[in-house]
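Heads up: the sequence shown is residues 3 to 224, going by this note's numbering.
For each residue, glycine too, the CB sits at the ideal point set by N, CA and C.
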Amino acid sequence: MISARNIGKFFDMGGTRTQVLRDVSIDIEQGEFLSIVGRSGSGKTTLLNVLSTLVKPDKGEVYYGKKLLTAPSSSSSLNSLRKSDFAVIFQFHHLLPYLSVLQNTLLPFMRSFRPVPREIVAKAKKTLERIGLGDKCDRLPGNLSGGEQQRVAIARAMVKSARVLFADEPTGSLDKVTGEEIMNLLAELHREGMTIIMVTHEPQYARQAQRTVELSDGRVVH
Ligand SMILES: Nc1ncnc2c1ncn2[C@@H]1O[C@H](COP(=O)(O)OP(=O)(O)O)[C@@H](O)[C@H]1O
Ligand SMILES: [Mg+2]
3 MISARNIGKF
13 FDMGGTRTQV
23 LRDVSIDIEQ
33 GEFLSIVGRS
43 GSGKTTLLNV
53 LSTLVKPDKG
63 EVYYGKKLLT
73 APSSSSSLNS
83 LRKSDFAVIF
93 QFHHLLPYLS
103 VLQNTLLPFM
113 RSFRPVPREI
123 VAKAKKTLER
133 IGLGDKCDRL
143 PGNLSGGEQQ
153 RVAIARAMVK
163 SARVLFADEP
173 TGSLDKVTGE
183 EIMNLLAELH
193 REGMTIIMVT
203 HEPQYARQAQ
213 RTVELSDGRV
223 VH
């Protein structure tokens, strides 16, 4: 479903050019739950961002099905496909602080001057109920715990029916119990058919994935 071929990525810092990804190739099947592990600085976040097209690689290609995501200038149909099919969650949840829980969940559907379709709002409320936030729709993110904020970020991916979820250390800022709750939710989404690519440095969570890729110094070593 997603295929990365010979990815290379460099960063320039203080005049020196360092290679952060070296010849990385990965194939991810539709419906797969993949974890990416490795030490801090090994290139996990950069790889995830290249796969999700947040970051352009300097070498190599990323395909989504037969479509080349890394084309020099990607077409608008490709952009909208990527926007509708991909969702990203982070260690810190990147919710907008001045929007309510419900509005944050609806964010992918908010366009200026156009109301969000009623059926989408209903779906968002249902989703928030399903994940235990039904009574917190009108709260601001600042009034939620870390785990609740992460669930809102996941609800956003669920409401837009993302096909692929990219998660960068989604349990990284949570205590053990809350981290396990988030992992259970990801496992549920995986059972329902979502493809999940998760960066983690916690071995017990990496084991919950079907397959683990280990990076070291920008290379796949396992
Ligand atoms: N935007 C950037 N500019 C310069 N260097 C970066 C940038 N992003 C990441 N790096 C460097 O690339 C290396 C890999 O970073 P990252 O992919 O975040 O690793 P990980 O997620 O495994 O900790 C690190 O040495 C980091 O400092
Ligand atoms: Mg990282």
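Asked: The stretch 163-181 in contact with the stretch 196-204 per 3-pair CB rule at 8 Å; Found: yes
Asked: Ala126 versus Lys138, Arg116, Phe115, residue with shortest Cα-Cα distance; Found: Lys138
Asked: C-alpha distance - Glu47 paired with Val201, whole-angstrom precision; Found: What sits at residue 47 in the sequence shown is Thr, not Glu. Using only the alpha carbons, I get a separation of about 7 Å.
Asked: Segments of 3+ residues assigned as beta strand (DSSP E) that fall wholly inside the stretch 55-85; Found: 61-66
Asked: Reduced DSSP category for Asp14 - H, G, I as helix; E, B as strand; rest coil; Found: strand
Asked: For Thr173 and Gln152, the rounded distance between their alpha carbons; Found: 8 Å
Asked: Cα-Cα separation, His192 to Ser86; Found: 18 Å
Asked: Integer-rounded CB distance, given that Pro99 should sit under 8 Å from Leu142; Found: 6 Å
Asked: Neighbour-count burial assignment, Arg158, 16 or more Cβ in a 10 Å radius; Found: buried
Asked: For Lys128 and Asn8, the rounded distance between their alpha carbons; Found: 42 Å
Asked: Rounded separation between Leu188 and Phe12 - CA only; Found: 31 Å
Asked: Identity of the residue in Leu108, Arg132, Ser175 nearest Glu121 by Cα; Found: Leu108
Asked: Ranges of the beta strand (DSSP E) found wholly within the stretch 154-186, counting only runs of at least 3; Found: 166-170
Asked: Phe115 to Gln212 span [Cα, whole Å]; Found: 43 Å
Asked: Thr47 beta carbon near ligand 1 (any heavy atom closer than 6 Å); Found: yes
Asked: Gly149 vs Glu183 beta-carbon contact at 7 Å; Found: yes
Asked: Where Met15 falls, given that 16 or more other Cβ within 10 Å makes a residue buried; Found: exposed
Asked: Beta bridge counterpart(s) of Glu104 as assigned by DSSP; Found: Reading off the sequence, residue 104 comes out as Leu, not Glu. Paired residues: none, contrary to the question.
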